[in-house]
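Residue numbers (the UniProt record's numbering): 1 to 157. Cβ coordinates follow ideal geometry from the N, Cα and C atoms, glycine included. Here the structure is a predicted model, which means the values were calculated and not measured.
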């Protein structure tokens with residue numbers, strides 16, 4: 001059963017699709033430039049972001065959060081470890097488990113590079129009401145979940 005949609009909604013959906021693609025491209029280019037500045041690949045940089053936000057993780061947990069295949073994550077951790085940015089350590093509660101943690105001393109100063117963009121986003125947030133921010137947050141969380149599912153589907157093929 002297809003429903004007729006108004007021209008206004010059709011135009012909004014097309015504009016939303018284009019804005020989403022534009023936002024995605026801008027994020028990829030930003031993180032590519034940031035990674036280049038830091039001497040990291042984009043996946044390496046985003047893995048460090050995961051570890052900074054979530055704390056130490058196992059390789060399996062990194063794979064789950066990133067939507068990457070376990071074999072890919074193993075090589076990724078090897079590269080980050082070779083650059084002294086992370087280290088593998090035994091879990092103190094379960095010695096069979098190996099967790100990956102950030103080498104914070106090696107990352108000193110990295111956050112300074114992100115500060116201008118973070119400040120600009122903070123200024124942008126001031127333009128919106130709490131209700132509008134809640135709506136944006138809901139959309140971002142839902143679209144991110146869909147993108148993770150799509151990434152996982154691609155890596156499982």
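Note to self: Using 8 angstroms for Cβ pairs, my map puts residue 42 next to residue 32. What's the rounded Cβ distance?
What the structure shows: Taking C-beta atoms under 8 angstroms as the contact rule, residue 42 and residue 32 qualify, at a distance of about 5 angstroms.
Check: Hey, residue 68 and residue 44 are a contact pair by Cβ (cut 8 angstroms); roughly how many whole angstroms apart?
Finding: With a beta-carbon spacing of about 12 angstroms, residue 68 and residue 44 fall beyond the 8 angstroms limit used to define contacts.
Checklist line | Own chain partners of residue 133 with C-beta closer than 8 angstroms, once the 5 adjacent residues on each side are dropped | finding: For residue 133, where only same-chain residues beyond five positions count, the Cβ hits under 8 angstroms are 125.
Notebook entry, point to check: When DSSP labels each residue in this structure, what does residue 148 get in the three-state scheme?
Noted result: Helix, per DSSP.
Check: Between which two residues does the alpha helix (DSSP H) containing residue 61 stretch?
Finding: 59 to 66 is the extent of the alpha helix (DSSP H) around residue 61.
Notebook entry, point to check: Is the shortest distance between the beta-carbon of residue 121 and the beta-carbons of chain D less than 9 angstroms?
Noted result: Of the protein chains in the structure, only one exists, and it is not chain D.
Check: Taking C-beta to C-beta, are residue 56 and residue 28 nearer than 9 angstroms?
Finding: No; because the gap between Cβ atoms is not below 9 angstroms, this pair is not in contact.
Note to self: Please identify the residue among 37, 97, 23 whose C-alpha is closest to the C-alpha of residue 58.
What the structure shows: Per the Cα distances, 97.
Notebook entry, point to check: Within 10 angstroms of its Cβ, does residue 63 collect 16 or more other Cβ (buried), or is it exposed?
Noted result: Counting of Cβ neighbours within 10 angstroms places residue 63 among the buried residues, the total reaching 16 or more.
Checklist line | 4 or more residues per run - each alpha helix (DSSP H) lying fully within the UniProt domain "HTH marR-type" (9 to 145) | finding: The UniProt domain "HTH marR-type" (9 to 145) contains, as complete alpha helix (DSSP H) runs of 4+ residues, the segments 42 to 54, 59 to 66, 70 to 82, 110 to 125 (chain order).
Notebook entry, point to check: In whole angstroms, what separates the C-alpha of residue 1 from that of residue 129?
Noted result: Confidence at residue 1 is low in this model, with a pLDDT of 42, below 50, so the placement of that residue is unreliable and no value is reported for it.
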